[in-house]
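Chemist:
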Amino acid sequence: MQKKKAPLLLFFWIQKAIEKPTSFSIPVFRLTKSATEKFLNETGIQLAEIEKKTAQKLQTASSLLKNKKCSFSIELNSEAFPVRNVIGMIPGKDNSKTIIVGAHYDHLGIKNDSIYNGADDNASGTSGMLALAKNWSESKVKPPYNIVFASWTAEEMGLLGSEYFVQDLDLNKQKILLCINMDMISRSAPEDKAKRILSIGTQKENENLRKIASENNKNLQNP
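Going letter by letter, the sequence shown gives residues 14 to 236 in the working numbering.
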């Protein structure tokens with residue numbers, strides 16, 4: 014009896030200091046809700062109303078505040094420490110082309126006495142990615158192309174892990190056919206509706222995936 018060879022699942026670490034600036038070109042300040050309400054107090058804009066419209070239309074509500082000036086100052090103590098992307102790959106029949114399934118495994122950590130465990134954002138996406146990797150590896154089916162399973166680090170700090178991966182990718186040797194990012198796939202808040210659970214990007218190349226998501230969303234209900 015001839016034994017089938019299972020696809021090989023390779024894991025390796027990527028570790029490198031990120032010394033160059035990130036893609037942000039302007040300073041970004043994150044305000045608390047109370048500070049935002051105080052800032053908008055004299056403009057006639059109601060924060061609660063903006064939040065409601067944004068949730069309903071799924072669109073940002075950015076606008077220019079005319080004749081409104083403010084000054085910010087912040088004391089920043091920076092500390093460098095090593096972080097890692099964890100990458101696994103199942104080699105395909107054609108190893109010149111690759112499909113990536115990724116999910117960030119970091120969250121917001123600890124602030125004062127609060128722990129942000131990140132069960133949905135993004136342990137859910139990481140678990141989904143690992144389940145796909147496990148099932149494919151155990152299926153003994155060699156994929157037509159390489160499948161890379163990636164756990165990105167430092168997403169909450171500005172997509173640093175995935176940005177590093179892309180910047181150091183040699184596209185002359187490797188063609189990326191598709192990247193599926195799994196983020197917050199267990200979302201089940203009361204305000205979430207069917208047909209919002211599965212989402213696909215807006216590029217034309219994603220038309221087939223968008224059709225798949227649309228068909229599956231018809232059968233989804235809130236848990």
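We put the beta carbon where it would ideally sit given N, CA and C, even for glycine.
(1) Per DSSP, what kind of secondary structure is Lys208 in: helix, strand or coil?
(2) Use the C-beta contact count for Met102: other C-beta atoms within 10 angstroms, 16 or more gives buried, fewer gives exposed.
(3) Are the segment 109 to 123 and the segment 158 to 175 touching, with three or more C-beta to C-beta distances below 8 Å?
(4) May I ask which residues mark the beginning and end of the beta strand (DSSP E) holding Asn238?
(5) Consult DSSP for Val179 and reduce its assignment to one of helix, strand or coil.
(6) Let me know if Gly57 comes out buried or exposed under the rule of 16 or more other beta-carbons within 10 Å of its beta-carbon.
(7) Since His120 contacts Gly131 with CB under 8 Å, what's their CB separation in whole angstroms?
(8) Look up Ser227 in the DSSP assignment and say whether it is helix, strand or coil.
(9) Who does Val114 pair with in a DSSP beta bridge?
(10) Put Ile123 into one of helix, strand or coil per three-state DSSP.
(11) What are the boundary residues of the alpha helix (DSSP H) that Asn67 is part of?
(12) What's the gap between the Cα of Lys208 and the Cα of Ala61?
(13) Give me the Cα-Cα distance between Ala144 and Asp133, rounded to the nearest whole angstrom.
(14) Applying the criterion that 16 or more other CB atoms from any shown protein chain within 10 Å of the CB defines a buried residue, is Met170 buried or exposed?
(15) Three-state secondary structure (DSSP) at Asn221?
(16) If you check the beta carbons only, do Arg198 and Gly115 fall under 8 Å apart?
(17) For Arg97, which of Phe178, Ala136, Ser76 and Glu55 has the nearest alpha-carbon?
(18) Residues in its own chain within less than 8 Å of Gly141 by CB, not counting five upstream and five downstream?
(19) For Asn135, name the three-state secondary structure that DSSP assigns.
Modeler: Working from what's here:
(1) Below a pLDDT of 50, predicted positions are generally treated as unreliable, and Lys208, at 46, falls in that range; the measurement from the model is reported next regardless. The answer is coil: DSSP assigns Lys208 none of H, G, I, E or B.
(2) buried
(3) yes
(4) As displayed, the chain neither begins before 14 nor continues past 236, which places residue 238 out of reach and without an answer.
(5) helix
(6) exposed
(7) 3 Å
(8) helix
(9) Phe162 and Ile193
(10) strand
(11) It should be pointed out that residue 67 corresponds to Thr in this sequence rather than to Asn. Segment Leu60 to Lys70, the alpha helix (DSSP H) holding Thr67.
(12) Confidence at Lys208 is low in this model, with a pLDDT of 46, below 50, so the placement of that residue should be treated as unreliable; the coordinate-derived value is given next. So the alpha carbons of these two residues sit roughly 25 Å apart.
(13) 15 Å
(14) exposed
(15) helix
(16) Contrary to the premise, residue 198 reads as Ile rather than Arg in this sequence. Taking 8 Å as the Cβ cut-off, Ile198 and Gly115 do not qualify as a contacting pair.
(17) Phe178
(18) Ala116, Met195 and Ile198
(19) helix
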